[in-house]
Amino acid sequence: MLAENSLKIDVAEVLRSRMPRLSRLIPKSLVRWLERVICQDDMNRLLEENHGLTGAEFCRGVLGSLGISVDIKHAERLPAREDRRVIFVSNHPLGGLDGMALIDLIQQHYGGQVWFIVNDLLMAVKPLNDVFLPINKHGAQSRRAAGAIEEALAGNNPVIIFPAGLCSRMRRTSYMGKHGTEVADLQWHKMFVNKSIQHHRDIIPLHFSGQNSPHFYKVARARKLLRVPFNLEMIYLPQEVFKARGSKFTVTIGARLPWNSVAGGKDAQGSANSIRSMAYLLGQDSVEAPVPNNP
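Counting in the working numbering, the sequence shown runs from 202 upward without gaps.
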């Protein structure tokens with residue numbers, strides 16, 4: 202909800218520009234509610250503090266403003282600085298800060314350009330436009346977006362992906378007759394597996410610790426039960442950013458998976474499922490995880 206040509210968030214202005222006729226019918230109380238829900242004032246202060254920064258520097262600035270720190274486990278597994286043609290894949294627990302932390306981590310390690318494949322809606326975050334590669338599944342821009350992704354994957358800079366797309370959700374579990382809940386990613390999409398093979402890029406699985414507040418998952422659960430098609434819970438993600446002030450997260454680096462050891466094609470989804478499991482084993486500090494050979 203960034204206002205046009207500005208780093209200032211203005212819900213009312215966005216509604217006026219996107220829905221010029223209908224915006225006049227929206228009650229001011231609803232607009233004020235939206236401003237509070239997305240933490241408009243806090244977000245604008247955060248943007249002002251980091252005005253002029255872009256890319257990894259912007260991420261670093263935001264993390265610093267919020268007092269966020271990240272501990273790296275098994276940093277020795279990171280490829281050498283000159284070994285840049287890899288794909289980093291990670292679980293997606295937070296919906297914002299985790300992406301910024303990974304951009305900061307990978308850029309600090311390698312220097313230079315880092316790419317992050319994201320939903321095209323995130324291109325509204327202007328300071329990260331030189332890092333983000335948007336996936337646009339609809340409209341005339343989809344071919345251009347796909348071309349930019351292919352060009353980046355064919356190039357020599359590291360690429361980061363959240364294969365789940367959406368951030369983690371709470372789900373029910375059942376094991377040996379015992380029922381419970383866990384916060385975890387939805388299914389990982391197989392695209393990264395086939396692109397790894399196509400472009401001869403090895404895969405580095407990562408695990409990012411942490412989770413959002415219970416309120417976020419309750420809203421997500423209620424929305425699903427009511428069969429609301431719009432991801433209503435996403436508007437609460439800015440609140441989750443500020444609730445995480447002063448937090449310390451852990452990124453665990455996994456063992457490198459050579460591109461020619463991973464099964465693609467009709468077996469690509471099985472490989473994606475296996476690598477997802479590896480990422481969560483890393484969260485339990487598993488020392489090594491097997492390479493998914495024809496899962």
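The C-beta atom is built at its ideal place from N, Cα and C for all residues, glycine as well.
Test: ARG424 CB closer than 8 Å to a CB of chain B: Absent here is chain B; the protein component of the structure consists of one chain.
Span of the beta strand (DSSP E), counted from its first residue to its last, around SER291: 287 to 291 is the span of the beta strand (DSSP E), which, as asked, contains SER291.
C-alpha gap between GLN314 and ALA257, whole angstroms: Cα to Cα, the separation comes out at about 9 Å.
Proximity of ASN292 and TYR481 at Cβ, strictly below 8 Å: With contacts defined by Cβ atoms closer than 8 Å, ASN292 and TYR481 form a contacting pair.
Distance, GLY297 Cα to LEU264 Cα: Going from the Cα of LEU264 to the Cα of GLY297 covers about 11 Å.
Length of the line joining the Cα atoms of GLY348 and LYS379: Each residue's Cα considered, the two are about 48 Å apart.
Three-state secondary structure assigned by DSSP to TRP389: If DSSP states are grouped into helix, strand and coil, TRP389 belongs with coil.
Touching by the beta-carbon criterion (3+ pairs, under 8 Å), the segment 464 to 476 and the segment 390 to 401: The segment 464 to 476 is in contact with the segment 390 to 401.
At least three beta-carbon pairs within less than 8 Å, the segment 326 to 336 to the segment 304 to 318: The segment 326 to 336, when compared against the segment 304 to 318, does touch it at the 8 Å Cβ threshold.
Residues of its chain near ASN357, where Cβ-Cβ distance is below 8 Å and the 5 sequence neighbours each way are ignored: Closer than 8 Å at the Cβ level, and outside the excluded window around ASN357, lie ARG285 and ARG286.
Beta-carbon gap between ILE404 and ILE288 smaller than 8 Å: Judged by beta-carbon spacing, ILE288 lies within the 8 Å limit of ILE404, meaning their Cβ atoms are closer than that value.
For SER410 and GLY484, the rounded distance between their alpha carbons: Cα to Cα, GLY484 sits roughly 7 Å from SER410.
Limits of the unbroken beta strand (DSSP E) element including SER270: Per DSSP, SER270 belongs to the beta strand (DSSP E) from 270 to 274.
N- and C-terminal bounds of the beta strand (DSSP E) containing LEU319: Here the sequence assigns Val to residue 319, which means Leu is not the residue at that position. Counting along the chain, the beta strand (DSSP E) containing VAL319 begins and ends at 316 to 320.
Supposed contact pair HIS310 and ARG282 - C-beta distance, whole angstroms, cut 8 Å: ARG282 to HIS310, Cβ: 7 Å. Contact.
Where HIS380 sits in the DSSP three-state scheme: It is a strand residue.
Separation of VAL360 from PRO335, as counted between CA atoms: Distance between the alpha carbons of PRO335 and VAL360: 13 Å.
N-terminal and C-terminal residue of the alpha helix (DSSP H) that PHE409 is part of: Unbroken run through PHE409 is the beta strand (DSSP E), 403 to 409; no alpha helix (DSSP H).
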